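**Q**
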Amino acid sequence: MIDIAGWAPEPQETTEAVGAGPSAALAGMLDVEPPGDDLPPLWHWLHFLDRPAQRELGPDGHPREGPFLPPIPERRRMFAGGRFRIHEPLRVGDAVTRRTELASTAVKQGRSGEMLFVTVRHTFVRGRAEIAVEEQDLVYRSGGTASRPERTAFEAPDVDAPWTLKTAADPVMLFRFSALTYNAHRIHYDEEYATGAEGHAGLVVHGPLLAILCLELPRRAGLKVRELSFRARRPVYARQPFVAAGSPDGTLSIHAPGDVTAMTATFA
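Residue 71 in the UniProt record's numbering sits at position 71 of the sequence shown; the count goes up by one each step and never skips.
1) Verify whether the separation of the beta carbon atoms of E56 and P63 is less than 8 angstroms.
2) Do you know offhand how far H206's Cα is from L174's?
3) If we require 4 or more residues per run, which alpha helix (DSSP H) segments fall completely within the stretch 138-219?
4) How about E134 and G82: are their beta carbons less than 8 angstroms apart?
5) Compute the distance between the beta-carbons of G113 and R141, then report whether it is under 8 angstroms.
6) Among the candidates A256, Q12 and R231, whose CA atom is the shortest distance from the CA of A103?
7) Along the alpha helix (DSSP H) that carries A24, what are the first and last residues, could you check?
8) Under a three-way DSSP split, which group does E56 fall into?
9) Any idea what DSSP makes of H47, helix, strand or coil?
10) Distance check for D190 and P218, CA to CA, integer angstroms please.
11) Compare the C-alpha of M29 against each of T167, L228, M263 and G202 and name the closest.
12) Just confirm the distance between the C-beta atoms of A244 and C214, as a whole number of angstroms; I'd bet it's less than 8 angstroms.
13) Within a Cβ cutoff of 6 angstroms, which residues of the same chain sit near I212, ignoring the five residues on either side of it in sequence?
14) Straight-line CA distance for R234 to P162?
15) Give me, in chain order, the residues of the same chain whose beta-carbon lies closer than 7 angstroms to that of D60; leave out the 5 immediate sequence neighbours on both sides.
16) Under 7 angstroms: does the beta carbon of R99 sit that close to some heavy atom of the ligand ZN?
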């Protein structure tokens with residue numbers, strides 16, 4: 001049984017001068033031009049990074065301990081979604097402070113047993129002005145026997161939408177995104193671990209990468225996004241062709257082979 005009684009981490013603050021290098025690197029990975037001084041929504045994920053020492057990592061590649069990591073045994077982590085509200089964009093050259101706090105927790109019953117849902121809130125401040133607020137939803141479960149990997153489909157999904165972006169994230173792209181976000185979770189680069197220890201059907205495409213690809217649709221259409229919400233529903237695996245689809249009405253989604261909707265999102 002998951003027990004987090006007494007877990008109440010104190011808020012944390014970190015300040016960073018926003019540099020141009022990370023955005024240029026992500027633009028290169030996506031084969032697009034760098035965005036300029038204003039960071040597109042969600043590109044702040046390349047900033048304010050934790051860089052733990054090697055000795056501080058657990059067997060899955062994540063840190064064993066941290067103020068916002070729940071104290072449960074053999075912890076496994078999944079990205080579930082989030083929300084982002086933008087008053088003013090983060091800009092290259094600015095000194096921005098990120099204030100992080102635990103927003104909520106909830107224990108729920110899933111197919112694989114009990115799961116702990118954790119929402120962490122980040123508030124971004126420039127000078128004395130709040131410029132953006134993000135909430136990240138993360139799911140944790142205790143370890144145990146991995147389920148048998150599901151069979152992976154590779155047929156390109158057929159999607160009819162005003163906006164589409166077709167992609168297949170190979171291991172090289174996953175490696176580059178892991179490097180850009182300093183993410184050492186082994187499900188993104190160690191296929192034996194991903195399938196044997198965590199029961200996936202292959203290397204897992206990062207949930208944040210899928211969310212960024214969703215937001216590329218309105219960005220490339222020249223729309224300014226002020227608010228967004230997204231939910232990860234199913235994993236996408238390396239080499240699977242998938243489609244980011246969207247519409248000017250504010251709906252976005254990721255479609256994977258086998259008629260799978262892997263992510264849904266809305267923006268305004």
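All C-beta atoms in this analysis are idealised placements derived from N, C-alpha and C, irrespective of residue type, glycine included.
Predicted, not measured: the structure shown is a model, and the values here were computed from it.
**A** Inspection of the coordinates gives the following:
1) yes
2) 7 angstroms
3) 171-180 and 191-196
4) yes
5) yes
6) Q12
7) G21 to L30
8) helix
9) coil
10) 33 angstroms
11) T167
12) 5 angstroms
13) L42
14) 23 angstroms
15) R76, H185 and R186
16) The ligand ZN is absent from the structure shown, which contains no ligand whatsoever.
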